[in-house]
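>
Protein chains: 2
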Amino acid sequence: MSIQSKESVKVAIRATGKIVTMKDVARASGFSPTTVSIALNDAPLARFLPEETKSRIRLTAETLGYRPNPFARSLVNQKSQMIGLMVFDVMDPYCTRIVRGVESRLFESSYVPVFTDAHNDADRFEQYLKMLLDRRVDALIIIANWLALNNKILEMVERRDIPNVLIGSGLSTSSISSISFDNEEGAFLAIQHLYGLGHRKIAFHRGPSKLWDTAARWNGIQSFASLKGLEIDPDLVVSLRDSETSIDSFEGGYRSVRQLLNAGKEFTAFMAFDDLSALGAIRALKESGREVPEDCSVIGFDDIPAASFCTPGLTTIRQPMERMGSEAVDLVFQQIHQTTPSVTRNVNAELVIRQSTAQLPG
Amino acid sequence: MSIQSKESVKVAIRATGKIVTMKDVARASGFSPTTVSIALNDAPLARFLPEETKSRIRLTAETLGYRPNPFARSLVNQKSQMIGLMVFDVMDPYCTRIVRGVESRLFESSYVPVFTDAHNDADRFEQYLKMLLDRRVDALIIIANWLALNNKILEMVERRDIPNVLIGSGLSTSSISSISFDNEEGAFLAIQHLYGLGHRKIAFHRGPSKLWDTAARWNGIQSFASLKGLEIDPDLVVSLRDSETSIDSFEGGYRSVRQLLNAGKEFTAFMAFDDLSALGAIRALKESGREVPEDCSVIGFDDIPAASFCTPGLTTIRQPMERMGSEAVDLVFQQIHQTTPSVTRNVNAELVIRQSTAQLPG
DNA sequence: TCCCGAAGTTCGATTTAAATG
DNA sequence: GCATTTAAATCGAACTTCGGG
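First to last, the sequence lines map onto chains E and H. Oh and the first sequence: position 254 is 253 in numbering that gives the first Met the number 0, straight run, nothing missing. Oh and the second sequence: position 174 is 173 in numbering that gives the first Met the number 0, straight run, nothing missing.
#1: So which residues of chain H does Ala305/E contact, with C-beta pairs closer than 8 angstroms?
#2: Shorter than 8 angstroms from the beta carbon of Met90/E to some beta carbon of chain H?
#3: Under 8 angstroms, Cβ to Cβ, is there at least one residue of chain E near Glu102/H?
#4: Please name the residue, chosen from Pro92/H, Val101/H and Gly83/H, that lies closest to Ala138/H on a Cα-to-Cα basis.
#5: In whole angstroms, give me the CA-to-CA distance for Ile362/H and Glu125/H.
#6: Please report the residue range of the beta strand (DSSP E) in which His204/H lies.
#7: Going by C-alpha to C-alpha distance, which of Ile281/E, Gln80/E, Pro292/E and Arg282/E sits closest to Pro69/E?
#8: Select from the region 275-292 of chain H all residues with a C-beta closer than 7 angstroms to any C-beta belonging to chain E, and list them in chain order.
#9: Identify every run of the beta strand (DSSP E) within the region 45-103 of chain E, keeping only runs that are complete inside it and at least 3 residues long; order them along the chain.
#10: Consult DSSP for Ser112/E and reduce its assignment to one of helix, strand or coil.
#11: If you follow the beta strand (DSSP E) that Val346/H is part of, which residue opens it and which one closes it?
#12: Measure from the alpha carbon of Thr315/H to the alpha carbon of each residue in Arg282/H, Glu157/H and Ile298/H, then state which is nearest.
#13: Could you give the DSSP three-state label for Ser177/E: helix, strand or coil?
#14: If we ignore side chains and look at the alpha-carbon of each, how far apart do Pro340/H and Asp181/H end up?
#15: Return the first residue and the last residue of the beta strand (DSSP E) that Ser238/H is part of.
#16: State the Cα-Cα distance for the pair Leu44/E and Ala38/E, rounded to the nearest angstrom.
#17: Ignoring anything shorter than 3 residues or poking outside the region 125-178 of chain E, list the beta strand (DSSP E) runs there in chain order.
#18: At which residue ranges does the region 204-292 of chain E contain complete alpha helix (DSSP H) runs of 4 or more residues, listed in the order of the chain?
#19: Mind listing the chain H neighbours of Arg257/E? Cutoff is C-beta to C-beta under 7 angstroms, in chain order.
#20: Following the continuous beta strand (DSSP E) through Val328/H, name the residue where it begins and the one where it ends.
#21: Helix, strand or coil for Leu350/E per DSSP?
#22: Counting contacts by CB-CB distance shorter than 8 angstroms, is Phe266/E in contact with chain H?
#23: Is any beta-carbon of chain H found at less than 8 angstroms from that of Phe114/E?
#24: Could you tell me whether any Cβ in chain E is nearer than 8 angstroms to the Cβ of Asp133/H?
#25: Could you compute how far the alpha carbon of Leu275/E sits from the alpha carbon of Ile161/H?
#26: Could you check the C-alpha separation between Ser238/H and Gln318/E for me, to the nearest Å?
#27: CB-CB under 6 angstroms to Ala224/H, same chain, minus the five flanking residues each way: which ones, in chain order?
#28: For a contact defined as C-beta to C-beta under 8 angstroms, what are the partners of Leu74/E on chain H?
#29: When the cut-off is 8 angstroms and only beta carbons count, does Gln3/H lie next to chain E?
#30: Going by Cα to Cα distance, which pick from Pro67/H, Ala25/H, Pro49/H and Ser36/H is closest to Arg364/E?
#31: Suppose the cutoff is 7 angstroms on Cβ atoms and the five residues either side in sequence are ignored; what does the same chain contact list for Ser28/E look like?
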């Protein structure tokens with residue numbers, strides 16, 4: 000009786016916001032904390048507990064509104080059930096869709112992402128890395144491009160020996176996993192598309208030399224060119240500057256096309272480094288009185304959201320970013336659960352045809 | 000001597016990845032764990048410790064590479080140093096910039112955001128809410144629009160009595176803080192701009208009735224109209240459907256304009272509900288052979304990134320989203336540190352003039 | 001010996017109350 | 001009694017070991 004009345008007090012306390020602990024469940028159910036723990040976690044020993052006991056414990060836990068304290072739990076098993084998500088720039092539409100992919104897959108699990116954004120700055124990245132490590136995240140998912148190549152950072156990750164995966168960088172070592180996109184194939188598809196529409200005088204926009212992707216895409220272009228005997232006019236090749244951050248590439252595309260136009264170069268198609276620079280290119284073309292795609296076809300790379308929202312819709316090479324995100328999660332889970340060695344997984348490119356490219360008249 | 004050699008063993012162990020605890024620092028420095036804790040945290044009692052002691056402890060902690068275990072710490076002081084960030088849809092460009100704002104301000108503190116994305120789904124939102132609460136986040140920052148109005152959810156937040164702030168919803172109660180945007184002012188500025196350019200036959204695009212913003216913006220429009228004696232032709236008012244999620248509004252804008260055009264309505268300007276629907280409107284106009292802004296001016300709302308990347312650049316009402324994000328952080332910190340009551344803070348609208356609006360000829 | 005259940009230790013810190021010279 | 005330092009309790013759960021029927 001007195002126990003009963005104590006319990007109703009407890010329930011009243013909970014309603015006022017007090018936290019219910021396992022001990023409370025134990026008291027209320029009449030079992031010891033040990034038994035409660037075993038029952039609620041379906042621990043190995045739980046097979047010896049009669050169903051009656053287990054269900055009674057579960058019931059009281061339920062009615063008391065018991066929720067295990069994650070800190071206590073993490074303290075004993077040394078797992079945070081959190082994964083560190085490191086992005087180089089959320090404002091970059093490229094990141095956004097990857098984040099979505101990561102989040103979606105993570106939601107199905109009991110893990111939760113701790114979000115960090117490096118603002119395209121290596122120092123900030125490093126600080127965040129330390130923070131995440133201090134917080135004992137169970138794994139690291141890194142969306143890196145410009146700054147991924149900072150060796151100091153990679154070494155930090157390697158030394159900690161923490162499950163990890165790099166998204167969107169060709170790099171991978173014996174202790175660093177990565178999801179990489181087939182840039183070469185993507186560029187090949189892009190130029191193939193333009194070529195198929197009859198274009199021969201194509202202007203090319205190379206990315207920043209610092210960026211891994213640049214070389215790979217250029218290889219794709221060259222392999223198609225040599226396959227078809229297409230000549231690439233060096234005068235029609237412009238490069239994005241290294242200093243530019245991802246979001247600046249709009250400006251870069253704009254400037255590059257103006258530069259070509261001012262120099263009086265003739266071309267019927269422009270293959271941009273990415274979607275943002277393609278949009279910049281379109282702006283420059285329109286300002287000079289040229290219509291897209293009537294006077295000049297433009298093709299981008301990435302398939303960011305804006306590519307479909309602009310008019311004309313931008314033909315582009317789609318990176319399956321959401322899938323890259325979810326596969327990254329799969330990869331770190333493998334490492335967490337089965338201590339799998341690091342691997343590299345590759346995803347394919349896809350051509351998305353919209354309205355910015357058209358058959359060359361004549 | 001033997002102590003010394005033990006220590007070098009310890010250091011060797013650290014190099015192989017073993018974790019250094021406070022006890023290790025105590026042993027190595029020759030003080031008790033208590034003293035170490037006091038010294039490293041600059042606890043009140045630290046003022047009784049001689050500088051000599053403190054610095055020696057700090058030094059050994061440093062050389063041993065000691066990092067406090069966050070779980071143990073959280074366990075005693077019942078604080079996670081994490082804040083829950085709840086977004087209704089990361090893919091929505093509206094969210095992205097707010098996330099940046101939140102992250103930026105948070106970086107300066109020792110807090111870290113746990114990221115969740117509701118995918119515009121109330122159930123998913125609720126599940127995430129429970130997860131975050133179970134994880135004992137110290138506060139909640141919620142970017143909500145469509146689904147914020149779900150009372151069940153708000154009640155959950157209220158009952159938990161956890162520091163919180165809602166971004167982008169007019170709502171606020173005695174226990175829910177919010178950052179709200181002056182939609183009325185924004186809409187006023189927009190129509191004022193069009194009016195100032197000479198437009199009188201303006202088509203309006205109302206948002207979904209479910210959405211708080213819709214009514215506020217409409218008020219802004221009407222107050223300007225009555226101020227200037229401008230007549231609003233009911234035939235030129237179209238509404239976005241409720242079922243549409245944020246990202247669908249492109250389609251909504253497109254359909255609305257086609258609808259007007261098919262019905263043979265005449266208008267020289269179109270005031271969209273948001274940027275995405277404005278971009279949809281532009282597509283519809285161009286497909287019908289109308290040029291923007293020559294044949295029809297278009298104004299958006301929000302100032303998402305794509306607004307500046309498209310050609311013509313979209314004139315729009317800018318919501319200071321990054322600031323809203325960082326102010327949200329300020330608000331929850333106030334609640335965490337000084338247990339301030341809930342408040343509502345308002346931020347102002349700003350007109351951003353680009354190329355999609357022009358003086359009415361004649 | 002077989003269930004079933006519990007006491008006690010551990011995780012790594014913070015904090016109170018007390019002890020040392 | 002003062003200036004320093006520390007033993008011991010605590011946070012909440014998991015797990016190992018041990019005892020009673």
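Where is the CB? At the ideal position from N, CA and C, for every residue including glycine.
For this structure:
#1: Pro304, Ala305, Phe308 and Cys309
#2: yes
#3: yes
#4: Gly83/H
#5: The structure shown has nothing for residue 362/H, since chain H only spans 0 to 361.
#6: Ile201 to Arg205
#7: Gln80/E
#8: Leu275, Leu278, Ile281, Arg282 and Lys285
#9: 81-86
#10: Before going further, note that residue 112/E is Pro rather than Ser in the sequence given. Reduced to three states, the DSSP call for Pro112/E is strand.
#11: Thr343 to Val346
#12: Ile298/H
#13: strand
#14: 22 angstroms
#15: Val236 to Ser238
#16: 8 angstroms
#17: 138-142 and 163-166
#18: 211-227, 248-261 and 274-286
#19: Ordered by position in chain H, no residue passes the 7 angstroms Cβ test against Arg257/E, which lies about 14 angstroms from the chain.
#20: That residue, Val328/H, is in no beta strand (DSSP E); its alpha helix (DSSP H) goes Met320 to Gln337.
#21: strand
#22: no
#23: yes
#24: yes
#25: 41 angstroms
#26: 35 angstroms
#27: Ile231
#28: Asn68, Phe70, Ala71 and Leu74
#29: Caution is warranted here: a pLDDT of 32 is assigned to Gln3/H, below 50, making its placement in the model unreliable, and the coordinate value is therefore given only provisionally. No, Gln3/H does not count as interfacial toward chain E.
#30: Outside the shown range of chain E (0 to 361) lies residue 364/E, about which nothing can therefore be said.
#31: Val35, Arg55, Ile56 and Thr59
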